[in-house]
Amino acid sequence: MGSAGATWVHQDVCVPQRPDVTPGRGGAGSVLRAVGHYFDADPTVASAPRQVSLALPDLTLALTTDRGVFARDAVDPGTRFLLLEAPPPPPRGHLLDLGCGYGPIAVTMARRSPEATVWAVDVNRRALALTAANARAAGAADVRARSPEDVPDDVRFAAIWANPPVRVGKPALHALLSHWLGRLDDGGRAWLVVHKHLGADSLVRWLSDEGFPAERRRSRRGYRLLEVEGRVGR
Ligand SMILES: C[S@@+](CC[C@H](N)C(=O)[O-])C[C@H]1O[C@@H](n2cnc3c(N)ncnc32)[C@H](O)[C@@H]1O
């Protein structure tokens, strides 16, 4: 098991839709203090699970979220855009949700392709536990919520879907994408959602320069949906 040689960035600085806050000592009117650490492998912020709904034309999911994970208060609009606009995932084979959070993408892929194996990868262990529980609750049988190093090296993916952790910074994001896109099967495709303010357009250029042909396929409210092919000439 494992990905010898890969360096995993145990960070997530994805912006939460609303930061977790607790009142400061000064009572009313005091400054609110941010307490959520989205980059922790094991968030220290106290757990406070809640449910959010994800309604799509073909399925509706009730998902448990928690403090210390991305988009705790509602499914992220970029994620929703990806799930509305990406083509159906391949019916069989290994599929990857890269940076799964509490699992809206992984669980949707698994419900749309029940015969596939869906790998849901994250560095945040609270997120992984939520994804596993959400998959069970949704009747998605073969969702494997794993840390990156626990995905066997020989697994190749028929599709990768991701709302990737852009805010880890360019070098870390590029290393992450190079690694996982390099594990696409022949003919496999990745579908990535990235906001234009977070560098979607320069990411398309970088991917293409790196030998991963990439195209912007859809655009709405600043979100770009990118289709990426496996590396050419490998
Ligand atoms: C933008 S969030 C998307 C979460 C979820 N897919 C969603 O749509 O709600 C990106 C996720 O990537 C995870 N992440 C950060 N660094 C990572 C890494 N090196 N490998 C895998 N996942 C990572 C974060 O913990 C976070 O959950």
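Start counting the sequence shown at 21; every next residue gets the next number (my numbering). Here a beta-carbon is modelled for each residue, glycine too, at the ideal position from N, C-alpha and C. Note that the coordinates shown come from a computational prediction; the quantities given were computed from them, not determined experimentally.
Neighbourhood of residue i by C-beta, 7 angstroms cutoff - its chain only, sequence neighbours within 5 removed
| i | result |
| --- | --- |
| Phe-101 | Val-213, Arg-240, Tyr-243 and Leu-245 |
| Val-95 | Val-72, Leu-74 and Pro-124 |
| Pro-110 | Ser-133, Ala-136, Ala-178 and Ala-179 |
| Ala-158 | Leu-81, Val-127 and Arg-131 |
| Ala-61 | His-30, Val-143, Asn-144 and Arg-145 |
Residue(s) in a DSSP beta bridge with residue i
| i | result |
| --- | --- |
| Ile-180 | Leu-116 and Ala-210 |
| Trp-139 | Leu-116 and Arg-164 |
| Leu-83 | Val-72 |
| Glu-249 | Arg-209 |
| His-194 | Paired residue(s): none; His-194 is not in a bridge. |
| Leu-204 | Phe-177 |
| Arg-238 | Leu-245 |
| His-199 | According to DSSP, His-199 bridges with nothing at all. |
| His-217 | The partner list for His-217 (beta bridge, DSSP) is empty, contrary to what the question assumes. |
Residues near residue i by beta carbon distance below 6 angstroms, same chain, minus five either side
| i | result |
| --- | --- |
| Ser-228 | Ala-234 |
| Phe-232 | Leu-201, Val-248 and Arg-251 |
| Val-138 | Leu-115, Ala-126, Met-129, Ala-130 and Val-163 |
| Glu-105 | Arg-238 and Leu-245 |
| Pro-97 | none |
| Leu-196 | none |
Cutoff 8 angstroms; reference residue i; Cβ partners in own chain excluding five residues on either side
| i | result |
| --- | --- |
| Arg-112 | Ser-133, Glu-135, Ala-136 and Ala-178 |
| Pro-108 | Arg-132 and Ser-133 |
| Thr-85 | Pro-69, Arg-70, Gln-71, Val-72, Ala-91, Arg-92, Asp-93, Tyr-122 and Leu-150 |
| Gly-253 | Gly-231 |
| Arg-166 | Trp-139, Ala-140, Val-141 and Leu-148 |
| Val-89 | Tyr-58, Pro-63, Gly-121, Tyr-122, Asn-144, Arg-146, Ala-147 and Leu-150 |
| Val-175 | His-114, Trp-139 and Arg-203 |
| Ala-153 | Thr-84 |
Local Cβ density within 10 Å of residue i, reported as buried at 16 or more and exposed below that
| i | result |
| --- | --- |
| Leu-79 | exposed |
| Asp-93 | exposed |
| Ala-160 | buried |
| Arg-19 | Outside the modelled stretch of the chain, which goes from 21 to 254, sits residue 19, for which no answer is possible. |
| Thr-64 | exposed |
| Gly-208 | buried |
| Pro-77 | exposed |
| Ala-66 | exposed |
| Arg-225 | exposed |
| Ala-82 | exposed |
| Pro-185 | buried |
| Arg-156 | exposed |
| Gly-46 | Residue confidence for Gly-46 is low, a pLDDT of 29 falling below 50, so the modelled location carries little weight and cannot support an answer. |
* the region 172-186 / the region 109-123 touching (three or more Cβ pairs under 8 angstroms) -> Flag = yes, the region 172-186 and the region 109-123 touch.
* Asked: At a cut of 8 angstroms, does the region 216-225 reach the region 160-178 through at least three beta carbon pairs?
  -> No: the two stretches stay apart, fewer than three of their Cβ pairs being nearer than 8 angstroms.
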